[in-house]
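Below is one structure, written out as structure tokens; comments come after it.
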Amino acid sequence: MPFFGRGDELAQLDARLRRALAGEPQLVVVDGPAGIGKTSLVRRFLYESGRSHCVLRGSGEELETGLSYGAVVQLLAGVPDPLDEPLAGLVRGGAADSRLPDPITVGSALVDLFGSLQDRAPLVVVLDDVHWADTPSLQAVTFALRRLRVDRVLTLLTARDVTDPRLPEGLRRLLGDDGTLKVTLTGLAVDDVVRLNEAFGPAELPHWAAARLCRHTGGNPLHTKALLRQFPVDVFVSDRATLPAPRGYERLIAARLEACTMPARRLVDAASVLGMSSPLHLAAELGAVHEPLGALAEAMACELLEEGPAGDMPQAVFPHPLSRAAVYQGLEPALRTHLHLRAASLADDLALRLQHRARAALGPDPELAAELGRLAGLQADAAAWSAAAASAQAAGRLSPDPERRARWLRQAVEYLLLAGDVSQAARLEHRVRELPPGAEHHYVLGHLALVAGRHEEARRELTACWNSRDTGTSTETMRSAAEQLAWLSLIESDGRATVDWAYRGLALPRARRSTFLRDSLALGLAFAGRPKEARAAVAHLPAGGAHSRPEERDGLFARGVINLMSGALDTACGDLKDAYVSHRHGGLASTALAALAFLADAEFRAGRWDDAVAHSTQAVSLAEDTRMSSLALAHAYAACPLAGRGLFQAAEAHASAAVEHARAYADVNDAVIAAAALAQVRAAQGDHEAVVTALHPFLDPAVEPRDALDEVGLVTWHAPLVEALTRTGRTDEADRVLRGYESRAAERDRWLDLAAAARCRGLLDGVRGDTDTAEQAFRAGLEHCARGEPCWEKALLQLSYGTFLRRTGRRGAAVDQLEDAWAVFRRLEAAPYLDQCLTELAACGRRTTRPADAARPVLTAQELTVARLAVQGLTNRQIARELVLSVKTIEYHLGNTYAKLGITSRMGLVSKVGPSP
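Per the numbering used here, the sequence shown starts with residue 1198, numbered consecutively.
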């Protein structure tokens, strides 16, 4: 096939390849309308760039958008080495009810694979027609691409429209990133049309005629080639007013088919039924072709088929989606139906069999609809939500029963929401609204409203679902409605309503999958001031172990948060880490992310700041990929240790993002957590007025319900506000806020909050001149810390107490407190607090200066995370898998760390970074 023009575009692609070769991963998207030459450009580029790199190719297919990981499996066909799980399992396939891994797991495996392939040669990943690719594949590929840092990887995507709402939001954001090269193809230039005509024959096409033809076709390569093939040059140089329209592309393909022998035609016809690419032996069997290699060679000569990449078996591949569509649409209806039915009989996979039968259906088919409905249920049990949605929609189309059609439409929307494909679900919302009302109807509309942040509408619809239930309403619908209402109440800080709905959901028969009902119950009880009942709600959970079953997993996140609230920091860290791991592998993705974010908070409070930076960075990365509501939590808890270390620009960026996301999701709990993070930044900067501005709005009684806001231990916002009010001279208001905080902390016997309240009392009474009561408060705070665990609060307390002692003339006693605080600040690299402490020590006559090694050279959050894991003895590959990065990226971060620390190997890391405390 001749190829002309596109010199600038090829140069752009070549420049990006050279940057990838240098270890700078590149993403390029080629967009433009159908037939404009996107695929041809990529193929030409690969041809001209030589064979010195490894190429993985895949493409989307309109009829396979519901085939989970179909595009990923195509990419894996080009891998020369044996695959590890879970990728090997995707290639093998499995029963319809076998559980599929989630996109994050598959994306993590792709990161690992990309890393190993680029060790031998640069890697080029090509994914054509991403607008037709299945959602799980796109989510997994997006996840992998976001984690390439210093990798020799060039990724080429083609799409008709990069803003297509069918693309996952994360991919659309990645394609719109400043670092992504967008190549938008327009029509051929006049000179290219002249050269194209020369390739087709000896008759010369004048430049003016070529310009006329170019204007006529808009430069579309397919249309231009079609006209040049169909008409002699005389037609284009004649003085006729209007040039002929190209015969339809279907007619062009039909003419090529007519020129083929019967075996080649049967092979092409059969291949069109099987998809863009199919095993040659299967296409031959379907088309009754006895000599498939000869038939394939003939079809290739007519530019109808191509031979796929060399592999275990020959493949018949269409050169362009339009070619395949033209053949398929040109089939006689009876032949098309016959081929689909025969393809169904040849297919081993249940989903594929039913898919072919559905395409062969001539009208409503209740039996087939029922089978598709059962398949959707099996796929849902396997968490193949996108495939389940496609099967449910097919069942609805084939069902003659209006009630069943409505049920399958509603079920398809629910599956799409569970798949995270919110935009596709929203596109079906208008059809759902046209259905007769009922419990399932209200539930789906309520769930759609909830994910869109329309809380009042969500409450109205979900409550209507519960109230309108009857004997025909499924248990799953009722349980899901209760779960969503419990979640809605929880994010609105209404502990009592959360408990009520959680109890209602748990009273129903247990679900086979994990739910958030047990976590909602325990957290609702904790927020409502019933801590003993909250602990009892999760008392059945094992203390440790795999937590692999729903009954061992559900509630584990809540137990971690409850332990965090009570000050059992070490136990909280263990529970939250277990919750993250167990929900990542078979549970709820949203719960896994929330657990990781709260783990970072627990580590910050415990003074394990390196770990807090590592886990909060990881949480932000994962949350940004999934766009879940945990984004606010992740950003908020990422801000705190960075602010404590004086890294204000990064800390403020995280805090501002947390505030923005909390506002977008209308989550009261996230709002106060985000505000507390921003207050942490301002406090470290010494801007106490800004701390008041951030936190004071939450004193407004109009902010209700407020169970989680007022309950001590969940969010650290009372103590910073009291301190800021005190330092800005509003002592009476500080006293009012502090009295309520002291009372609740004492009632719950929360040692950590009692210590923080005692510090605030000491500060307040000291400002008021009540030195005796101030000292009593500081001493009480130290006693509370003595019965707890190592924590950040104790260092703050000792800094405040030491400052108080120095200002009341007791320098010797002040030095004891300040030196203890100084040691902690130095270990944590808490620069703003270390400076305060050094100032106070100097005022005591202790001329302590910051030693040369008091703070290691500033490492980025990622460098620090990698270094901490290396100190624990993990190999580079183990670190890569833990952080979901490529091995190349780990090597890069370690190299930078060695240079900054002045070391040459891991042996030096222990003394420079040190083990976890």
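For each residue, glycine too, the CB sits at the ideal point set by N, CA and C. Because the structure is a prediction, the values reported are computed rather than measured.
> Going along the chain, which residues of its own chain have a beta-carbon closer than 7 Å to the beta-carbon of alanine 1791, five neighbours each way excluded?
Replying inline: Within the sequence shown, residue 1791 is the residue found at index 594, counting from 1. So the list reads Phe1754, Ser1827, Leu1830, once near-sequence residues are dropped.
> Do you know whose CA, among Ala1871, His1652, Val1347, lies nearest serine 1853's CA?
Replying inline: The sequence position of residue 1853 within the sequence shown is 656, counting from 1. Per the Cα distances, Ala1871.
> Is lysine 1729 buried or exposed, if buried means 16 or more other CB atoms sit within 10 Å of its CB?
Replying inline: The residue you call residue 1729 lines up with position 532 of the sequence shown. The residue in question, lysine 1729, is exposed, as its Cβ has fewer than 16 Cβ neighbours within 10 Å.
> Taking C-alpha atoms, which residue in Glu1654, Arg1842, Glu2079 lies nearest to phenylalanine 2029?
Replying inline: Within the sequence shown, residue 2029 is the residue found at index 832, counting from 1. The sequence shown places proline at residue 2029, rather than the phenylalanine named in the question. Considering only alpha carbons, the answer is Arg1842.
> Closest by CA to arginine 1666, which one among Pro1333, Arg1624, His1639?
Replying inline: Within the sequence shown, the letter at position 469 stands for residue 1666. Out of Pro1333, Arg1624, His1639, His1639 has the C-alpha closest to the C-alpha of arginine 1666.
> Who are the Cβ neighbours of proline 1319 in its own chain at under 8 Å, not counting the five residues just before and after it?
Replying inline: Here residue 1319 refers to the residue found at position 122 of the sequence shown. These residues qualify, in order along the chain: Leu1214, Ala1217, Leu1218, Ser1249, His1250, Cys1251, Arg1349, Val1350, Leu1351.
>> Rounded to whole angstroms, what is the Cα-Cα separation between alanine 1887 and alanine 1848?
In response: As a first step, residue 1887 is located in the sequence shown; it is residue number 690 there, counting from the start. As a first step, residue 1848 is located in the sequence shown; it is residue number 651 there, counting from the start. About 15 Å.
> Do you know whose CA, among Ala1971, Leu1687, Leu1519, lies nearest glutamate 1447's CA?
Replying inline: One-based indexing of the sequence shown puts residue 1447 at position 250. Ranking Ala1971, Leu1687, Leu1519 by Cα distance to glutamate 1447 puts Leu1519 first.
> By a C-beta neighbour count over all protein chains shown, 10 Å radius and 16 as the cutoff for buried, is proline 2048 buried or exposed?
Replying inline: As a first step, residue 2048 must be located in the sequence shown, where it is residue number 851. Residue confidence is low: proline 2048 scores 49 on pLDDT, short of 50, so the model does not pin down where it sits. No coordinate-derived value is stated.
>> If you measure between the beta carbons of leucine 1766 and glutamate 1986, is that distance less than 7 Å?
In response: In the sequence shown, counting from the first residue as 1, residue 1766 sits at position 569. In the sequence shown, counting from the first residue as 1, residue 1986 sits at position 789. Their beta carbons are under 7 Å apart, which means leucine 1766 touches glutamate 1986 by this criterion.
>> Once the 5 residues before and after arginine 1879 are set aside, which same chain residues still bring their CB inside 6 Å of it?
In response: Translated into the one-based positions of the sequence shown, residue 1879 becomes position 682. Counting only Cβ-Cβ distances below 6 Å, and skipping sequence neighbours, we find Ala1887, Val1888.
> For the candidate residues Glu1800, Ser1542, Ala1868, whose alpha-carbon lies nearest to that of cysteine 1837?
Replying inline: As a working mapping, residue 1837 is identified with position 640 in the sequence shown. Taking only the C-alpha atoms, the option nearest cysteine 1837 is Glu1800.
> aspartate 2013 by DSSP, collapsed to three states: which one?
Replying inline: Numbered from its first residue, the sequence shown carries residue 2013 at position 816. In this structure, aspartate 2013 counts as helix in the three-state DSSP scheme.
> When you compare only the Cα positions, how much space is there between arginine 2103 and threonine 2094?
Replying inline: Start at 1 with the first residue of the sequence shown, and residue 2103 comes out as number 906. Start at 1 with the first residue of the sequence shown, and residue 2094 comes out as number 897. Whole-angstrom Cα-Cα distance: 10 Å.
>> Using the Cβ count rule (16 or more neighbours within 10 Å means buried), how would you classify histidine 1627?
In response: Along the sequence shown, read from residue 1 onward, the residue named residue 1627 stands at position 430. Burial call: exposed.
> By a C-beta neighbour count over all protein chains shown, 10 Å radius and 16 as the cutoff for buried, is threonine 1414 buried or exposed?
Replying inline: The count along the sequence shown starts at 1 and reaches residue 1414 at position 217. Its Cβ being crowded by 16 or more others within 10 Å, threonine 1414 is buried.
> Between arginine 1958 and the rest of its own chain, which residues show a CB-CB distance below 6 Å, the 5 nearest in sequence each way excluded?
Replying inline: Locating residue 1958 in the sequence shown gives position 761, where the first residue counts as 1. The residues are Ala1974.
> Closest by CA to tryptophan 1948, which one among Val1856, Arg1924, Arg1965, Asn1760?
Replying inline: Counting from one through the sequence shown, the residue named residue 1948 turns up at place 751. Of Val1856, Arg1924, Arg1965, Asn1760, the residue nearest in Cα terms is Asn1760.
>> Counting C-beta neighbours from all protein chains within 10 Å, is the total for proline 2114 16 or more, i.e. buried, or is it exposed?
In response: To locate residue 2114, count along the sequence shown from 1; it is residue 917. The predicted model places proline 2114 with a pLDDT of 48, which falls under 50 and marks its position as unreliable; any figure quoted below should be read in that light. Result: exposed.
>> Quick test of your reading: glycine 1229 and aspartate 1822, contact by CB under 8 Å. State the CB separation rounded to the nearest angstrom.
In response: Within the sequence shown, numbered from 1, the residue matching residue 1229 stands at position 32. Within the sequence shown, numbered from 1, the residue matching residue 1822 stands at position 625. No, glycine 1229 and aspartate 1822 are not in contact; Cβ-Cβ is about 27 Å, not under 8 Å.
> From which residue to which residue does the beta strand (DSSP E) around aspartate 1228 run?
Replying inline: Walking along the sequence shown from the start, residue 1228 turns up at place 31. First-last of the beta strand (DSSP E) with aspartate 1228: 1223 to 1228.
> Can you tell which of Ser1763, Ala1736, Met1762 has the C-alpha that lies nearest to the C-alpha of glycine 1752?
Replying inline: In the sequence shown, counting from the first residue as 1, residue 1752 sits at position 555. It is Ala1736 whose Cα lies nearest to the Cα of glycine 1752.
> From what residue to what residue does the beta strand (DSSP E) around proline 1476 run?
Replying inline: As a working mapping, residue 1476 is identified with position 279 in the sequence shown. Taken as a continuous stretch (DSSP letters only), the beta strand (DSSP E) holding proline 1476 covers 1474 to 1476.
> Just how far apart, CA to CA, sit proline 1597 and histidine 1328?
Replying inline: Counted from its first residue, the sequence shown places residue 1597 at position 400. Counted from its first residue, the sequence shown places residue 1328 at position 131. Each residue's Cα considered, the two are about 31 Å apart.
>> Please classify tryptophan 1405 as buried or exposed, where buried requires at least 16 other C-beta atoms within 10 Å of its C-beta.
In response: By 1-based counting over the sequence shown, the position of residue 1405 is 208. Result: exposed.
> My guess is that phenylalanine 1428 and methionine 1473 are in contact by the Cβ rule of under 8 Å, so how many angstroms apart are they, rounded?
Replying inline: If you number the sequence shown from 1, residue 1428 lands on position 231. If you number the sequence shown from 1, residue 1473 lands on position 276. In fact, because the Cβ distance is near 30 Å, the residues do not count as touching under 8 Å.
>> I need the boundaries of the alpha helix (DSSP H) containing aspartate 1205, first residue and last residue.
In response: Stepping through the sequence shown from its first residue, residue 1205 is reached at position 8. First-last of the alpha helix (DSSP H) with aspartate 1205: 1204 to 1218.
> Thinking C-alpha only, which one of Ala1400, Leu1493, Leu1272 is nearest alanine 1337?
Replying inline: Counting from 1 along the sequence shown, the entry for residue 1337 is found at position 140. Closest by alpha carbon: Leu1272.
>> Given this structure, state the Cα-to-Cα distance separating valine 1919 from glutamine 2059, to the nearest angstrom.
In response: As a working mapping, residue 1919 is identified with position 722 in the sequence shown. As a working mapping, residue 2059 is identified with position 862 in the sequence shown. About 34 Å.
>> Going by DSSP in three states, arginine 1539 sits in which element: helix, strand or coil?
In response: Residue 1539 sits at position 342 when you count from the first residue of the sequence shown. If DSSP states are grouped into helix, strand and coil, arginine 1539 belongs with the helices.
> So the beta strand (DSSP E) glutamine 1512 belongs to, where does it begin and stop?
Replying inline: Residue 1512 sits at position 315 when you count from the first residue of the sequence shown. Taken as a continuous stretch (DSSP letters only), the beta strand (DSSP E) holding glutamine 1512 covers 1512 to 1514.
>> I'd like the span of the alpha helix (DSSP H) that includes alanine 1356, first residue to last.
In response: As a working note, residue 1356 is residue 159 in the sequence shown. Run containing alanine 1356: none in the alpha helix (DSSP H); it sits in the beta strand (DSSP E), 1350 to 1356.
> Would the region 1909 to 1918 and the region 1889 to 1899 be scored as touching if the rule is three or more Cβ pairs under 8 Å?
Replying inline: yes
> DSSP three-state call for aspartate 1598: helix, strand or coil?
Replying inline: On the sequence shown, residue 1598 is found 401 positions in, with the first residue counted as 1. Coil at aspartate 1598, not helix or strand.
> Tell me which same chain residues have a C-beta within less than 7 Å of the C-beta of histidine 1517, skipping the five on either side of it?
Replying inline: By 1-based counting over the sequence shown, the position of residue 1517 is 320. Once the five neighbours on either side are set aside, the close Cβ partners of histidine 1517 are Thr1236.
> Is the beta carbon of serine 1711 sitting closer than 7 Å to the one on arginine 1750?
Replying inline: Numbered from its first residue, the sequence shown carries residue 1711 at position 514. Numbered from its first residue, the sequence shown carries residue 1750 at position 553. Yes, they are a contact pair.
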